[in-house]
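One structure is given below, encoded as structure tokens.
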Amino acid sequence: MNRFRRTLLIAVPYLWLLLFFLAPFIIVVKISLSDTAIAQPPYVPVFDPALGWAGLKDFLSALDLESYVWLTQDSLYINAFLESLKIALISTSLCLLVAFPLALGIARTSPKRRPVLLMMVILPFWTSFLIRVYAWIGILRSEGFLNQFLQWTGVISEPLAIINTPVAVYVGIVYSYLPFMVLPIYATLEKMDGSLLEAAIDLGCSRTSAFWRITLPLAAPGIIAGCFLVFIPAMGEFVIPDLLGGTGTLMMGKTLWSEFFSNRDWPVASAVAIVLLLFLVVPIVAFQRMLERQQEAAR
Amino acid sequence: MNTRFTWFNATALAFGFSFLYLPILLLVIYSFNASKLVTVWAGFSTKWYGELLHNQAMLDAAWVTLRVAFLSATLSALLGTMAAYVLVRIGRFRGRSLFSGMIYSPLVMPDVIIGLSLLLLFIALGVPRGMMTVVLAHTTIGMCYAAVVVSSRLVSFDNSLEEAALDLGCSPLDAFFSVTLPIIAPSVVAGWLLAFTLSMDDLVIASFTTGPGATTLPIKIYSAIRLGVSPEINALSTILIAIVAVGVIAATLMQSRVTARGGDQG
């Protein structure tokens, strides 16, 4: 391929991502260092290139860490962060508990049935996320299907309060992110050599210990990938805690949203975004390394 | 893997699939409920579908969403295919790891961060917010998904086909359009579909980047849900679910026919 075409091919997607993915973060960092103001846009300082070097100097000296200091002083933000971490960790574990047996079940059916079952796992993912969360409101609320059913069977006499609690958020996250956990686990289980298990059992291993000592370790890459795919977006989730968690459930994504839309405090909203991002950088980079290694291996 | 299919596996499948489908099933059934109370059955009725058809604001939002999704999916497929080609076929170049980082990180980046940062970019550049800014935002995410789908296909197909075409005197551009593109076409279509549904589905990024007169369907549904459950939303959900189900099943059948035919020839 000639040099010009090669450069052009790289440049178009590269520049697009630089402009629409990387550059915005620099702006977010800048605004997180600014102060709120009753103006349009609602923050100072605003950089004016017409003022030249002196303008740039004034501009830089007006930036400070006030928004970040504010985040540490108000317990609301620290609680929101801890709550996000707790909810994301619990939901990721629950998701793994539901997804693993499902992935294993699919991997053990006949090869002919597997594509259909896999499609059935993916199908709900293609339908609107918002609709899937909405469906759970009808199930979990106090006069919802679950409470009706439990009262009808006589298990409970008073409706359970599930909606507007963290439990509803766990259910919502597990439900919405299930395919992201099932697919990578299935991919590793499907490649697994069944004769390893047979050998273990022939050599006197019980089925249970064969599972713990062979199936699980071999499925580890899929489990790790699935946990990344669920944990990272769950940390910043907005829709699920907002619709199912009620006002009592604070999460980072919700805090960011309300700082921006309700309080119109752009510097604090930006600071929340940066803190969330800094926290997620480690898992995101680890995840990316893993994908790259897998791609290298496939080549 | 060939091991015995146990009762444990059967239970896991039954439990897993009921968990996945029961909520959707209840939603669909109760869209035909005559009562305004969503969870109390009061006889069969299709009146909520009728009311939906007269809800002009909802129809407008649906039309905006379709246009945004179509435009951004098309741009995503184009840019994503280029990006995949760069990732898989062009070996080392300066800034490659930054490039692959920018492709992979939007896949897991929380929506609120992407939405906020893009809005602040548009404001800094003085771009008026509206349908076009939503298209730009959705393309940025969609192209990354499309790139991942297309690159997985590019990795698995034999590079020597392309090299043969070049040896036989094809220009690189010809080789791409007459050899590579037909082979990766299914994955480009899959990438387009993925970008299209992501765009149709997105609430958070659209809420940040939209402007007056460009309310998308998820934004509309979200504000309706916040007011409480209503059978009209059930009806709308059922229509959307039906479209998706028919689309995905048709695509799967088509794909399996293509694979079967490919198998016969090979």
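First to last, the protein sequences are chains A and B. If you read the first sequence in my numbering, its first letter stands for residue 1, the second for the next number, and so on. If you read the second sequence in my numbering, its first letter stands for residue 300, the second for the next number, and so on. Every residue gets a Cβ at the ideal spot worked out from N, C-alpha and C, and that includes glycine.
Whole-angstrom distance between residue j and residue i, CA atom to CA atom
i	j	result
residue 169 of chain A	residue 339 of chain B	24 Å
residue 402 of chain B	residue 232 of chain A	16 Å
residue 21 of chain A	residue 173 of chain A	26 Å
residue 300 of chain B	residue 191 of chain A	Its pLDDT being 44, under 50, residue 300 of chain B is placed unreliably by the model, and nothing is read from it.
residue 148 of chain A	residue 512 of chain B	41 Å
residue 479 of chain B	residue 183 of chain A	27 Å
residue 507 of chain B	residue 36 of chain A	19 Å
residue 303 of chain A	residue 82 of chain A	Shown here, chain A extends from 1 to 299; a query on residue 303 of chain A therefore has no answer.
residue 7 of chain A	residue 391 of chain B	12 Å
residue 241 of chain A	residue 260 of chain A	17 Å
residue 246 of chain A	residue 122 of chain A	28 Å
residue 78 of chain A	residue 2 of chain A	54 Å
residue 484 of chain B	residue 419 of chain B	36 Å
residue 323 of chain B	residue 544 of chain B	12 Å
residue 315 of chain B	residue 84 of chain A	26 Å
residue 131 of chain A	residue 536 of chain B	6 Å
residue 495 of chain B	residue 377 of chain B	13 Å
residue 458 of chain B	residue 5 of chain A	19 Å
residue 165 of chain A	residue 146 of chain A	15 Å
residue 360 of chain B	residue 519 of chain B	7 Å
residue 350 of chain B	residue 531 of chain B	7 Å
residue 564 of chain B	residue 178 of chain A	With a pLDDT of only 39 at residue 564 of chain B, under the threshold of 50, the placement of this residue in the model should not be trusted; the figure read from the coordinates follows. Rounded to the nearest angstrom, the two C-alpha atoms are 37 Å apart.
residue 139 of chain A	residue 330 of chain B	14 Å
Residue range of the unbroken alpha helix (DSSP H) whose run includes residue i
i	result
residue 384 of chain B	355-388
residue 108 of chain A	75-108
residue 112 of chain A	Note, residue 112 of chain A: premise wrong, no alpha helix (DSSP H); not H, not E.
residue 172 of chain A	166-191
residue 242 of chain A	239-244
residue 340 of chain B	That residue, residue 340 of chain B, is in no alpha helix (DSSP H); it is neither H nor E in DSSP.
residue 312 of chain B	306-328
residue 232 of chain A	216-235
residue 485 of chain B	480-500
residue 198 of chain A	194-202
residue 409 of chain B	Here residue 409 of chain B belongs to no alpha helix (DSSP H), and DSSP marks it neither H nor E.
Any non-hydrogen atom of the ligand ZN closer than 7 Å to residue i Cβ
i	result
residue 56 of chain A	The ligand ZN is not among the ligands present in this structure, which contains no ligands whatsoever.
Proximity test, Cβ basis, 8 Å: residue i and chain B
i	result
residue 3 of chain A	no
residue 186 of chain A	no
residue 165 of chain A	no
residue 267 of chain A	no
residue 292 of chain A	yes
residue 14 of chain A	yes
residue 130 of chain A	yes
residue 81 of chain A	no
residue 212 of chain A	no
residue 322 of chain A	An answer regarding residue 322 of chain A cannot be provided, because it is not within the stretch 1 to 299 covered by chain A.
residue 155 of chain A	no
residue 270 of chain A	yes
residue 282 of chain A	no
residue 70 of chain A	no
residue 136 of chain A	yes
residue 119 of chain A	yes
residue 173 of chain A	no
Beta-carbon spacing of residue i, residue j below 8 Å
i	j	result
residue 416 of chain B	residue 25 of chain A	yes
residue 187 of chain A	residue 88 of chain A	no
residue 185 of chain A	residue 226 of chain A	yes
residue 399 of chain B	residue 448 of chain B	no
residue 287 of chain B	residue 236 of chain A	Any property of residue 287 of chain B remains undetermined from this structure, which presents chain B solely from 300 to 565.
residue 438 of chain B	residue 374 of chain B	yes
residue 16 of chain A	residue 268 of chain A	no
residue 137 of chain A	residue 250 of chain A	no
residue 308 of chain A	residue 176 of chain A	Residue coverage of chain A in this structure runs from 1 to 299, which leaves residue 308 of chain A outside it and unanswerable.
residue 230 of chain A	residue 92 of chain A	yes
residue 290 of chain B	residue 284 of chain A	Shown here, chain B extends from 300 to 565; a query on residue 290 of chain B therefore has no answer.
residue 428 of chain B	residue 509 of chain B	yes
Interface flag, residue i vs chain A, CB-CB below 8 Å
i	result
residue 348 of chain B	no
residue 401 of chain B	yes
residue 498 of chain B	no
residue 392 of chain B	yes
residue 293 of chain B	No answer is possible for residue 293 of chain B: it lies beyond the span of chain B, which begins at 300 and ends at 565.
residue 515 of chain B	no
residue 551 of chain B	yes
residue 410 of chain B	yes
residue 471 of chain B	yes
residue 384 of chain B	yes
residue 420 of chain B	yes
Residue ranges of each alpha helix (DSSP H) within the segment 246-292 of chain A, 4 or longer
Correct list: 252-261.
Entirely within the segment 415-462 of chain B and at least 4 residues each: give me those alpha helix (DSSP H) ranges in chain order.
Given a length threshold of 4 residues, each whole run of the alpha helix (DSSP H) inside the segment 415-462 of chain B is given here in chain order: 430-455.
Please list the segments of the alpha helix (DSSP H) lying wholly inside the segment 514-560 of chain B, counting only runs of 4 or more residues, in order along the chain.
Here the runs fully enclosed are 516-525.
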